[in-house]
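Chains as they are written, first to last, in the working numbering: chain A, 1290 to 1664; chain B, 1290 to 1664.
Where a beta carbon is used, it is the ideal one built from N, C-alpha and C, also for glycine.
Please read these numbers as outputs of a predicted model, since none were measured by experiment.
See structure below.
There are 2 protein chains.
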Amino acid sequence: MNIDVSSPSADGTTEVVEVLLADRSYPIVIGRGVSTDSSLIARHLKPGRAALVTSEVVGALYLAPVTAALAAAGIEAVPIVLPDGEQHKNWQVLNTVFDHLIEHRCDRRTPVIALGGGVIGDMAGFAAATWQRGVPFVQIPTTLLAQVDSSVGGKTAINHPQGKNMIGAFHQPGLVLADTALLDTLPDRELSAGLAEVIKYGLIRDTAFLDWLEPNLAKLLARDPAALAYAVRRSCEHKAEVVAADEREAGLRETLNLGHTFGHAVETGVGYGEWLHGEAVAAGTVLAAAMSARLGWLGEGEVGRVRRLFALARLPVEPPPMPAARWLDLMGHDKKVRGGRIRLVLLKGLGHAVTTGDYDPAALDATLAEVAGHG
Amino acid sequence: MNIDVSSPSADGTTEVVEVLLADRSYPIVIGRGVSTDSSLIARHLKPGRAALVTSEVVGALYLAPVTAALAAAGIEAVPIVLPDGEQHKNWQVLNTVFDHLIEHRCDRRTPVIALGGGVIGDMAGFAAATWQRGVPFVQIPTTLLAQVDSSVGGKTAINHPQGKNMIGAFHQPGLVLADTALLDTLPDRELSAGLAEVIKYGLIRDTAFLDWLEPNLAKLLARDPAALAYAVRRSCEHKAEVVAADEREAGLRETLNLGHTFGHAVETGVGYGEWLHGEAVAAGTVLAAAMSARLGWLGEGEVGRVRRLFALARLPVEPPPMPAARWLDLMGHDKKVRGGRIRLVLLKGLGHAVTTGDYDPAALDATLAEVAGHG
């Protein structure tokens, strides 16, 4: 890996991370103001129309400036405003997107632009993947979590009532505009949730990044522009490397799901929208680390460091109480199940994640029993 | 092209047509009894479970024997029986497929098998394309139309209330079993509808096949096994060649939609399910031929031959009466629209189709005016 932790990029500069996928390669453009830079937009998108999918909350803040920037680039935006929240990432709301697309006669060449967080990106992306069997797609992520993770890599999905992201497609964007200025208005809780995925990259593959993060989490929470720009860029570099190596999640990419099998159980168990995704991932990653320690793969001191990193990012390190049987039931629906076995991403030391079903099941049972509470 | 029209394959033999798509290449196995040949199935599918999606009508006939053949190959089938008909190719019914998949804990490696006609293949295929972002898919087409066209090439879709196949994905099967014995129970009307697509291959790219078809349509309607086997094989060879050259329909593949833009307007205009797809394609192709003649691209005698071929196959050669404005409105929603222009597949001589928006619009208006009737 080619990193220089001593010199984070200066605030104000625009940086480009390329996701290398042969004829579907695309740039992630990172910087303050890139989402309203009409000359930048005009270099990447053809004049014409575009469907601009956003949420009520994000739309109130950013629909007008982005629409104006698109107009200046010769692109007429058809606005599609969806209700906010993970609980709306479903068929019913997706169908309203399709209704707009057909009403405005969006055709095979009309791009769909997602302006929002992970929920909007997932839904707009799935609409772009399936509308007329696939139309061009652009991501303008407005949360830290979306900028460092969900907007990159082409995963799109909606939820099934009994399972998160159960229905979806791989559909790569043609362009990602990660505008760090949009993070100015992000609620503190969502900023922390995004940091869960930032910390994850360090835990699975980059201890030098962990060493940078630990003393810089306070700066990140204070929205120090240079620190944020560096964390976004470094995370995008990791995501781009992993996606380029394993687009369809046949191996390496699975490790990006550290904490996610436990985390999905939390999200589904308490009901979508109660816990933010990043919060569930934080608590889930602590469980994965604890189980790794039970297996003798991780030291107790390292588990403590995992907990400390998330706590410094003001993230939950304990899951909600659920009976062990409920945990197993919810985890059994995870997409990483192969032939009935629960495959998990675990840590064999910090910076080294493995995906495996080859572990003593008693370690899973004991880990869940410890957090089952009295539920 | 490598064809031998003088010697149709003998009844009873099994033939294989390969669809060449690099690491996603797959065989179409054609012959009597291939859908219940457990040793053939065992050579292609791993033991385990599979979701077997079928319709009420087809399921009553073939669910038991196919389930038994799968069981003999070590595969436990989870049956998913959907209502019959194009009017059910929608979100609501698709969601019942997902409900079954989650209930039976079908995971990323559980294949979805479509046992049915085009509607079942499209829906099961779209479910396979989107369940957990894509699972293995097998087609066992039970209609002539599905065997010669829709089961090959990876197009999957459901309908939007205002447009056919508006929501879908490209998702190639891993195996197609075209069992011509299943055509024994096909209603006459559906047999004719399938012949529309068979004739289409001749019209767009193979006049020798047209020359074979014209004197053999009576045999095909009488279900002569050797004639059917030859027509299915030759059609699959054409479909495989076109799909291998242009999987995503960027050019050549568009010509397979001869008659489909007009045909979709018929299907949507009269309501899904009133006209069979093949019937609408037949009437639509006659319109495309008539318009081609108005443009001076086709002789009147050739238009007459197009009508005669469809009539010999007992297919409609006149569309239902609709006002010209209604035609244009319905055709404007077609997926081949680019930037608002109606692109059409037209004929520049028999055996030579072109996709173009470069025509005198008056020819389209006059063609539609002639069939508008008093609606």
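The beta-carbon distance between residue 1579 of chain A and residue 1599 of chain A, rounded to whole angstroms, is 13 angstroms. This is too long to meet the 8 angstroms contact definition. When secondary structure is reduced to three states using DSSP, residue 1611 of chain B falls in the coil class, being assigned neither helix nor strand. If you draw a straight line from the Cα of residue 1351 of chain B to the Cα of residue 1491 of chain B, it is about 31 angstroms long.
Listed along the chain, the chain A residues whose CB falls inside 8 angstroms of the CB of residue 1553 of chain B amount to none; the nearest CB is some 12 angstroms away. For residue 1449 of chain B, the chain A residues whose Cβ falls inside 7 angstroms of its Cβ are 1387, 1391, in order along the chain. In the DSSP assignment, residue 1468 of chain B is bridged to B:1320. Between residue 1554 of chain A and residue 1616 of chain A, the gap from beta carbon to beta carbon is short of 9 angstroms. Bounds of the alpha helix (DSSP H) holding residue 1581 of chain A are 1566-1583. By the Cβ rule, the stretch 1362-1370 of chain B does not count as touching the stretch 1504-1516 of chain B, because fewer than three pairs are nearer than 8 angstroms. Residue environment analysis places residue 1314 of chain A among the exposed positions, since fewer than 16 neighbouring C-beta atoms fall within 10 angstroms of its C-beta. With at least 16 other beta carbons inside 10 angstroms of its own, residue 1439 of chain B counts as buried.
Within the stretch 1405-1439 of chain B, the residues whose Cβ lies closer than 9 angstroms to any Cβ of chain A are, in chain order, 1415, 1416, 1418, 1419, 1420, 1421, 1422, 1423. Distance check between residue 1308 of chain A and each of A:1443, A:1483, A:1417 places A:1443 closest, using alpha-carbon atoms only. Judged by pairs of C-beta atoms under 8 angstroms, the stretch 1453-1472 of chain A does not touch the stretch 1386-1394 of chain A, as fewer than three such pairs exist. Residue 1420 of chain B has its alpha-carbon roughly 22 angstroms from the corresponding atom of residue 1646 of chain A. CA-to-CA, the gap between residue 1450 of chain A and residue 1456 of chain A works out to about 11 angstroms. Within its own chain, the residues whose Cβ lies closer than 6 angstroms to the Cβ of residue 1562 of chain B, once the five positions on either side in sequence are excluded, are 1374, 1375, 1376, listed in chain order. If the five residues before and after residue 1322 of chain A are omitted, its C-beta is found closer than 6 angstroms to the C-beta atoms of 1470, all from its own chain and listed in chain order.
Leaving aside the five residues that flank residue 1558 of chain A on each side, the residues in its chain whose CB is nearer than 8 angstroms to its CB run, in chain order, 1609, 1611, 1615, 1616, 1619. Under a 10 Å Cβ-count criterion, residue 1477 of chain A is classified as exposed, with fewer than 16 other Cβ atoms of the shown protein chains found around its own Cβ. According to the DSSP assignment, residue 1354 of chain A belongs to the alpha helix (DSSP H) that extends over 1345-1361. In this structure residue 1402 of chain A is in contact with residue 1427 of chain A, their Cβ atoms being roughly 4 angstroms apart against a cut-off of 8 angstroms. In this chain, the alpha helix (DSSP H) harbouring residue 1508 of chain A covers 1496-1510.
The bridge partners DSSP lists for residue 1337 of chain A are A:1364.
Collapsing the DSSP output to three states places residue 1527 of chain B in a helix.
Exclusion of the five residues before and after residue 1516 of chain A leaves 1505, 1508, 1509 as the residues of its chain whose Cβ lies within less than 6 angstroms of its Cβ. Scanning B:1423, B:1312, B:1382 for the CA closest to the CA of residue 1533 of chain B turns up B:1312. If you look at residue 1382 of chain B, you'll find it isn't in any beta strand (DSSP E); it sits in the alpha helix (DSSP H) that goes 1380-1392.
Residue 1615 of chain A is outside the set of residues whose beta carbon lies under 9 angstroms from a beta carbon in chain B. When DSSP states are grouped into helix, strand and coil, residue 1642 of chain B belongs to the strand group. Counting the other Cβ atoms within 10 Å of the Cβ of residue 1305 of chain A gives fewer than 16, which makes it exposed.
When the Cα atoms are used, residue 1661 of chain B and residue 1613 of chain B turn out to be separated by approximately 6 angstroms. The continuous alpha helix (DSSP H) containing residue 1595 of chain B extends over residues 1589-1601. The alpha-carbon of residue 1333 of chain B is positioned some 11 angstroms away from that of residue 1359 of chain B. Shown here, residue 1547 of chain B sits in coil according to DSSP, grouped into three states, outside any helix or strand. Under the criterion of beta carbons closer than 8 angstroms, residue 1400 of chain A and residue 1339 of chain A qualify as touching, at roughly 5 angstroms.
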